[in-house]
Each structure stands twice: as C-alpha cells, then as structure tokens.
Amino acid sequence: MVYLPATRHLNGVRLLALDGGGVRGVASLIVLKEIMKRVQQRKGLKEECRPADYFELAAGTSTGGIIGIMLFRLRMTASDAIDQYDIISKEVFSPKIYGWNITRMMPNSLASWINNSKTLVQSSRFDDLSLKRAIDKVVAKYGLDEEDRRLKGDAPLMHPNAGRM
1 MVYLPATRHL NGVRLLALDG GGVRGVASLI VLKEIMKRVQ QRKGLKEECR PADYFELAAG
61 TSTGGIIGIM LFRLRMTASD AIDQYDIISK EVFSPKIYGW NITRMMPNSL ASWINNSKTL
121 VQSSRFDDLS LKRAIDKVVA KYGLDEEDRR LKGDAPLMHP NAGRM
C-alpha cells in the first residue's frame, strides 16, 4: 500500500472529529461510511474511499482516538474500521472475571450486572491489557509495512511522510 497524504483543501483544513463512548463509538463510523459512500458515488469510483484521502486531520477521545488511528495511520476504509472495531469492542468491552469473557458463559443481563458490580471494587470495568492485545492484532494485520506489522501496537502513530500542523 502506498501512503498518499491528503491534498490541502482550498478552503482550509478538513477535520474529522470522532466521538468516544465505548461500543457506541461505532456510530461515528457508520455515519462516516455513508459519507464516504456518497463521495464514491459522486466521483464515480469503484473502490470505497478512504477517509485519510479526504481529511487532513482526525481528532478523537477514547474509542474515537482508536478509530482515528485505524482510519488515518493504518489507512483503513470505514468498512474495514467497522469490522475491526467490532472485533476490538468484543475483546475489550466484554465483561470479564479473571480474564474469562463472562458473556460467553451466561446471559447478557447477568453478565452486565456482574460487570457493573465489579466497579465497586476496581478502578475500571475494562482491562487495558485486553485493549493492548486487540490493538496489536489490528496493527499486525493492517500495518502499512513489515516494520509496522512486526512492532504491532508499538508502531509509531505518526507516519514518517505525514505533514505537521
């Protein structure tokens, strides 16, 4: 894959702001996918457009930041990002006890109740190690080059050819 920086728009910088919100963060991707679909139709393109080719900058908090990395650093399409986000969210946001995904062992309502109860004794409902593992898998699969794939989650976030603000 060749890295092509977005061309600067004549009317200024195009910024993509992405909401966080845990699993609900996928809503930003669904809206973005529709926008990219309309751009594709308007330009008469056969392949799905990549947001990184149409926006100069992305900003997001929490899961919005993760989505921004998938779209801009890993140059995913919105569809690919939705697929990967689904995998990440199941690994990271599923309630766990001692590393076991409890939604696979019991009904969702009981698993949710147990997971919410865990916050009374722990600082966070979700484990950062699960997030690291999930990100490692995504970067290993979608890294732009062999070095990215080898480094996984330790790959630099900024592409060496990217411009600076």
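No gaps in the numbering here: position 58 of the sequence shown is 58 in full-length UniProt numbering, and each next residue is one more. All C-beta atoms, glycine included, are put in the ideal place defined by N, C-alpha and C. It should be emphasised that the depicted structure is a prediction, and the values quoted were computed from it without experimental measurement.
Check: Fully enclosed by the stretch 27–78, which alpha helix (DSSP H) runs are 4 residues long or longer?
Finding: 63–68
Checklist line | Cβ-Cβ separation, Ala-52 to Met-70 (assumed contact under 8 Å), whole Å | finding: Not quite, the Cβ-Cβ distance comes to about 10 Å (not below 8 Å), so this is no contact.
Next item on the list: Indicate whether the contact test is met: 3 or more Cβ pairs, each with one atom in the stretch 20–27 and one in the stretch 35–54, closer than 8 Å.
Entry: no
Checklist line | CB-CB length for Arg-75 against Arg-38, believed under 8 Å | finding: Actually they are not in contact, since the Cβ atoms of Arg-75 and Arg-38 sit about 20 Å apart, beyond 8 Å.
Checklist line | Beta-carbon proximity list for Lys-137, same chain, < 6 Å, skipping 5 on both sides | finding: none
Margin query: Quick check: what's the CA-CA separation for Leu-18 versus Leu-144?
Written below: Computed Cα separation, rounded: 22 Å.
Note to self: Buried or exposed for Arg-73, going by 16 or more other Cβ atoms inside 10 Å?
What the structure shows: The residue in question, Arg-73, is buried, as its Cβ has 16 or more Cβ neighbours within 10 Å.
Margin query: DSSP three-state label for Leu-144, please.
Written below: coil
Notebook entry, point to check: Do Ser-62 and Gly-12 have their CB atoms nearer than 8 Å?
Noted result: no
Next item on the list: Throw me the rounded Cβ distance for the Ala-58 and Glu-91 pair, which I believe falls under 8 Å.
Entry: Incorrect: roughly 23 Å between the Cβ atoms, too far for contact.
Next item on the list: Tell me, please, which residues DSSP counts as bridged to Ala-17.
Entry: Ala-59
Check: How would you call Val-121, buried or exposed, if buried means at least 16 neighbouring beta carbons within 10 angstroms?
Finding: Note that Val-121 scores a pLDDT of 45, beneath 50, so its modelled location is shaky; the value from the coordinates is reported in the next line. Exposed: under 16 other Cβ atoms inside 10 Å.
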